[in-house]
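S.K.:
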Amino acid sequence: MEICSEVDFQDLEVNMFKVMLLMKLTTEGAKLCKEWPEMIETAISLGEQLGIKATAFYVGGAKYDYIEIGEMADLMAGELLRRYVMSGGYMEAYVVPLYEKDEFNKLIAAI
Numbered sequence: 000m001e002i003c004s005e006v007d008f009q010d011l012e013v014n015m016f017k018v019m020l021l022m023k024l025t026t027e028g029a030k031l032c033k034e035w036p037e038m039i040e041t042a043i044s045l046g047e048q049l050g051i052k053a054t055a056f057y058v059g060g061a062k063y064d065y066i067e068i069g070e071m072a073d074l075m076a077g078e079l080l081r082r083y084v085m086s087g088g089y090m091e092a093y094v095v096p097l098y099e100k101d102e103f104n105k106l107i108a109a110i
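Taking numbering that gives the first Met the number 0, the leading residue of the sequence shown gets 0, the next gets one more, and so forth.
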């Protein structure tokens with residue numbers, strides 16, 4: 000099965016990637032509640048150094064404890080931030096690319 004063999008990707012406009020970073024405290028991380036504000040600020044600061052512009056940050060209480068919405072020019076920066084956040088063993092983290100409806104429609108039309 001041939002996939003996208005005749006697709007012209009020149010018509011696709013690539014701008015800043017919009018992403019959602021989902022973070023869930025581990026059992027060990029949940030024990031450090033007094034340190035959470037500092038941990039959050041450290042992660043946001045590192046993200047800025049990597050070129051990630053946080054546009055919104057939320058504290059949740061269901062499946063994910065923290066949700067950051069942001070923009071970045073390179074998904075590698077998001078992956079680096081994700082791995083940094085997880086490296087202490089206090090959080091699990093996931094980077095989810097986000098698409099606006101018209102962007103998604105262009106993506107589907109290119110298939």
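Positions of the beta carbon are idealized from the N, C-alpha and C atoms, including for glycine.
Under a Cβ-count criterion, where at least 16 other Cβ atoms within 10 Å of its own Cβ denotes burial, should Val6 be classed as buried or exposed?
M.R.: Start at 1 with the first residue of the sequence shown, and residue 6 comes out as number 7. Since pLDDT at Val6 reaches only 48, below the 50 mark, its modelled position is unreliable, and the value read off the structure follows with that caveat. Flag for Val6 reads exposed.
S.K.: Could you give the DSSP three-state label for Tyr57: helix, strand or coil?
M.R.: If you number the sequence shown from 1, residue 57 lands on position 58. Under the three-state reduction of DSSP output, Tyr57 falls in the strand class.
S.K.: According to the Cβ coordinates, are Gly88 and Glu34 closer than 7 Å?
M.R.: Your numbering for residue 88 matches position 89 in the sequence shown. Your numbering for residue 34 matches position 35 in the sequence shown. No, these two residues do not count as a Cβ contact at 7 Å.
S.K.: Use the C-beta contact count for Tyr65: other C-beta atoms within 10 angstroms, 16 or more gives buried, fewer gives exposed.
M.R.: By one-based count along the sequence shown, residue 65 stands at place 66. Counting other Cβ atoms within 10 Å of its Cβ, Tyr65 reaches 16 or more and is therefore classed as buried.
S.K.: Note the first and the last residue of the continuous alpha helix (DSSP H) segment covering Ile39.
M.R.: As a position in the sequence shown, residue 39 is number 40, starting the count at 1. Segment 35 to 48, the alpha helix (DSSP H) holding Ile39.
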